[in-house]
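Just so you know, we're using our numbering here: the sequence shown kicks off at 2 and counts up by one.
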Amino acid sequence: MNWLLLINALYFLFGATMYVGTMWVLKFFLYPTWRSLARENVDMHFGIPTRAATKFFTIVVPIMFISGGILVWSEWGTIRVVPAIICLLGIIVLTWVGQGIIIPINVRIRGGDFADDAELRTLLKRWMMLNDIRFYVSTLTWASMVWLLVDRGRLLESFA
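If you want it as structure tokens, here you go:
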């Protein structure tokens, strides 16, 4: 692998790692505390983190689309094209769910567009269910990228 392809693969790994890490933190550390959010504390515990994540991933993800395409192109004709395709499809699905379905819910919650705390909890429950999809897809995407790099570098052989 020449150094440009290595940098490309490492960039995708960086983005996939940030994505999967964010999803794991949400699921295991933030979801339990968010079940008790109310109108008066939703911005501090939900609004600030979701705005920061959106800002970060708005920069990182578009480059991942290009990077994923390069991964597929560079692995074409080898068995490693399978994890490369999974990586590219993964970032497409993650973006579609995030931008198309979750961001509108974020906007409603952050804007206070709900009648009461019961409706807020309903929105958060739907938000969490949709992010569970991203939890599993981001985990698969990350694992596929690691698989590709391990196979590319013949790392399993080096530990034998």
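Cβ atoms here follow ideal geometry from the backbone N, Cα and C, with glycine treated the same way.
Residue i, enclosing alpha helix (DSSP H) - first and last residue
i      : result
Asp118 : Asp118 to Arg153
Ile106 : Ile104 to Arg111
Gly1   : The chain is shown only over 2 to 161; residue 1 falls outside these bounds and no answer can be derived.
Of the residues the options, the one placed nearest residue i, counting alpha carbons only
i      : options                        : result
Ile106 : Leu27, Val94 and Leu131        : Leu131
Phe13  : Gly69, Met24 and Val21         : Gly69
Ile87  : Met146, Tyr137 and Val26       : Met146
Thr123 : Met45, Leu89 and Ile110        : Ile110
Ile64  : Ala144, Pro84, His46 and Ala17 : Ala17
Ala54  : Ser159, Trp97 and Leu27        : Leu27
Residue i versus residue j: straight-line alpha-carbon distance, rounded
i      : j      : result
Leu121 : Phe15  : 33 Å
Ser75  : Asp152 : 14 Å
Ser37  : Lys126 : 11 Å
Counted within 10 angstroms of its Cβ, other Cβ atoms place residue i as buried (16 or more) or exposed
i      : result
Gly173 : Residue 173 lies beyond the stretch modelled for the chain, which goes from 2 to 161, so this question has no answer here.
Met24  : buried
Phe160 : exposed
Which full runs of the alpha helix (DSSP H) of 4+ residues lie inside the stretch 54–84, going along the chain? none
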